[in-house]
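Chemist: Quick one: the structure is below, and I'll ask about it shortly.
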Amino acid sequence: DTAVSQTPKYLVTQMGNDKSIKCEQNLGHDTMYWYKQDSKKFLKIMFSYNNKELIINETVPNRFSPKSPDKAHLNLHINSLELGDSAVYFCASSVERGDTQYFGPGTRLTVL
Amino acid sequence: QKEVEQDPGPLSVPEGAIVSLNCTYSNSAFQYFMWYRQYSRKGPELLMYTYSSGNKEDGRFTAQVDKSSKYISLFIRDSQPSDSATYLCAFRRNRGSTLGRLYFGRGTQLTVWP
């Protein structure tokens, strides 16, 4: 009965590689988000999609590209990974924009 | 001035203590006030949510909002070891193109020892 799930849970990769993180929610929500949490626990929004449409795009390098194939999925693709990309990435969803957000368990990305 | 300020702690208290966690904010457009709890290696989960000044109580937890001072607090009564977690304050506007965007504090790490 998982609500918001992410894969993989851990990702260790070399600098320069390209990687993807997948997110799925089975709550029937319309809005999904990607957040980045740095080593000091600071949680900052990266993107938000509402019904597959991009509605929030913070100042994020264009190496990061979100893709929403349908309402229940929001994937994050990262090109040319850098050391500074090491963080925990959280997916979240809400019924609509402005509603309570439910977070996934996170994907811990380590770039070597 | 940062939009949200939160003392990261760490805060360590004995079981049964009353815990007070606080955040200040500078953006008058913030109209919704939340507290999230994040256990180690887990995602944040919503603990308390309010949109008006005053107090809101839920069991051992009380959220307090003072809009005039731009100050919010979370009180935990009779704290338990299971309350050990990082507590993040979060804020949201009620309109505009960034509706839905949450602005988080840095989180306060709390340890309740038996």
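Protein chains in written order, with our numbering: chain A, 25 to 136; chain B, -2 to 111. The beta-carbon is built from N, C-alpha and C at its ideal position, and this holds for glycine as well.
#1: Between the beta-carbon of B:G6 and the beta-carbon of B:D75, is there less than 8 Å?
#2: What separation, rounded to the nearest whole angstrom, lies between the Cα atoms of B:Y29 and A:A96?
#3: Tell me which same chain residues have a C-beta within less than 7 Å of the C-beta of A:N75, skipping the five on either side of it?
#4: Name, please, each residue of chain A whose Cβ falls closer than 8 Å to the Cβ of B:K39.
#5: Take A:M39 as the anchor and find which of A:D123, A:L105, A:R121 has the nearest alpha-carbon.
#6: May I ask you to report which of helix, strand or coil DSSP gives B:P111?
#7: For a cutoff of 8 Å on Cβ pairs, would you count A:G122 as touching chain B?
#8: I'd like the ranges of any beta strand (DSSP E) spanning at least 3 consecutive residues and lying wholly in the region 12 to 92 of chain B.
#9: Listing by chain order, which chain B residues have their CB less than 8 Å from the CB of A:I45?
#10: At the level of alpha carbons, what is the spacing between B:S9 and B:K53?
#11: Could you tell me whether any Cβ in chain B is nearer than 8 Å to the Cβ of A:Q49?
#12: Considering A:D94, what are the terminal residues of the beta strand (DSSP E) in which it resides?
#13: Counting only Cβ pairs nearer than 8 Å, list the residues of chain A close to B:L43.
#14: Scan the region 65 to 86 of chain B for residues whose Cβ lies nearer than 7 Å to a Cβ of chain A and list them as they occur along the chain.
#15: State whether the region 25 to 35 of chain A contacts the region 80 to 96 of chain A, with contact taken as three or more CB pairs (one from each stretch) at a distance under 8 Å.
#16: Taking the DSSP output, what are the residues bridged to A:M56?
#17: Looking at C-beta atoms only, is the number of pairs between the region 75 to 84 of chain B and the region 32 to 43 of chain B that lie closer than 8 Å three or more?
#18: Under a CB-based cut-off of 8 Å, is B:G51 close to chain A?
#19: Assign B:L99 to one of three DSSP states: helix, strand, or coil.
#20: Starting from A:T131, trace the beta strand (DSSP E) both ways and give me its first and last residue.
#21: How would you list, in chain order, the residues of chain B whose beta-carbon sits under 8 Å from the beta-carbon of A:S137?
#22: Based on Cα-Cα distance, which residue from A:S72, A:E77, A:Q61, A:S118 lies nearest to B:G102?
#23: Am I right that A:A116 and A:Y73 are in contact with their C-beta atoms under 8 Å? What's the rounded C-beta distance?
#24: Would A:T134 pass as an interface residue toward chain B - the criterion being a Cβ-Cβ separation below 8 Å?
Modeler: Put simply:
#1: For the purposes of this step, residue 6 of chain B is taken as residue 9 along the second sequence, with counting starting at 1. For the purposes of this step, residue 75 of chain B is taken as residue 78 along the second sequence, with counting starting at 1. No.
#2: Locating residue 29 of chain B in the second sequence gives position 32, where the first residue counts as 1. Locating residue 96 of chain A in the first sequence gives position 72, where the first residue counts as 1. Computed Cα separation, rounded: 26 Å.
#3: As a first step, residue 75 of chain A is located in the first sequence; it is residue number 51 there, counting from the start. So the list reads D54, K95, once near-sequence residues are dropped.
#4: Start at 1 with the first residue of the second sequence, and residue 39 of chain B comes out as number 42. In chain order: P129, G130.
#5: To locate residue 39 of chain A, count along the first sequence from 1; it is residue 15. Taking only the C-alpha atoms, the option nearest A:M39 is A:L105.
#6: Residue numbering aside, residue 111 of chain B sits at position 114 when the second sequence is read from its first letter. Per DSSP, reduced to three states, the secondary structure at B:P111 is coil, with no helix or strand assignment.
#7: As a first step, residue 122 of chain A must be located in the first sequence, where it is residue number 98. Interface residue (Cβ-Cβ distance to chain B less than 8 Å): A:G122 is classified as such.
#8: Counting whole runs of 3 or more residues, the region 12 to 92 of chain B contains the beta strand (DSSP E) stretches 16 to 22, 27 to 35, 42 to 47, 51 to 55, 58 to 63, 68 to 73, 82 to 90.
#9: Indexing the first sequence from 1 puts residue 45 of chain A at position 21. Going along chain B, no residue has its Cβ under 8 Å from A:I45, so there is no contact; the nearest lies around 13 Å.
#10: Walking along the second sequence from the start, residue 9 of chain B turns up at place 12. Walking along the second sequence from the start, residue 53 of chain B turns up at place 56. Per the coordinates, the alpha-carbon of B:S9 lies some 24 Å from the alpha-carbon of B:K53.
#11: For the purposes of this step, residue 49 of chain A is identified with residue 25 of the first sequence, where counting begins at 1. Contact with chain B is absent for A:Q49, since none of that chain's Cβ atoms lies less than 8 Å from the residue's Cβ.
#12: Residue mapping note: residue 94 of chain A aligns to position 70 of the first sequence, counting from 1. Taken as a continuous stretch (DSSP letters only), the beta strand (DSSP E) holding A:D94 covers 88 to 94.
#13: If you number the second sequence from 1, residue 43 of chain B lands on position 46. Under the 8 Å cutoff, chain A gives T124, Q125, Y126.
#14: Under the 7 Å Cβ criterion, the region 65 to 86 of chain B contributes T83, L85.
#15: Three or more Cβ pairs closer than 8 Å define a contact, and the region 25 to 35 of chain A falls short of that threshold against the region 80 to 96 of chain A.
#16: The residue labelled residue 56 of chain A in the question sits at position 32 within the first sequence. Answer by DSSP bridge pairing, in chain order: A:Y73, A:S117.
#17: Output reads yes: the region 32 to 43 of chain B touches the region 75 to 84 of chain B.
#18: As a working mapping, residue 51 of chain B is identified with position 54 in the second sequence. By this cut-off, B:G51 is not an interface position.
#19: In the second sequence, residue 99 of chain B corresponds to position 102, counting from 1. DSSP places B:L99 in coil when its eight states are reduced to three.
#20: Position 107 of the first sequence holds residue 131 of chain A. Residue range 131 to 135 is occupied by the beta strand (DSSP E) that includes A:T131.
#21: The requested residue 137 of chain A is not part of the displayed model; chain A covers only 25 to 136.
#22: Your numbering for residue 102 of chain B matches position 105 in the second sequence. Put simply, of A:S72, A:E77, A:Q61, A:S118 the residue whose alpha carbon is nearest the alpha carbon of B:G102 is A:Q61.
#23: Working through the first sequence from its first residue, we reach residue 116 of chain A at position 92. Working through the first sequence from its first residue, we reach residue 73 of chain A at position 49. Contact between A:A116 and A:Y73 is ruled out by a C-beta separation of about 11 Å, above the 8 Å threshold.
#24: What you label residue 134 of chain A is simply residue 110 of the first sequence in a count that begins at 1. No, its Cβ sits nowhere closer than 8 Å to a Cβ of chain B.
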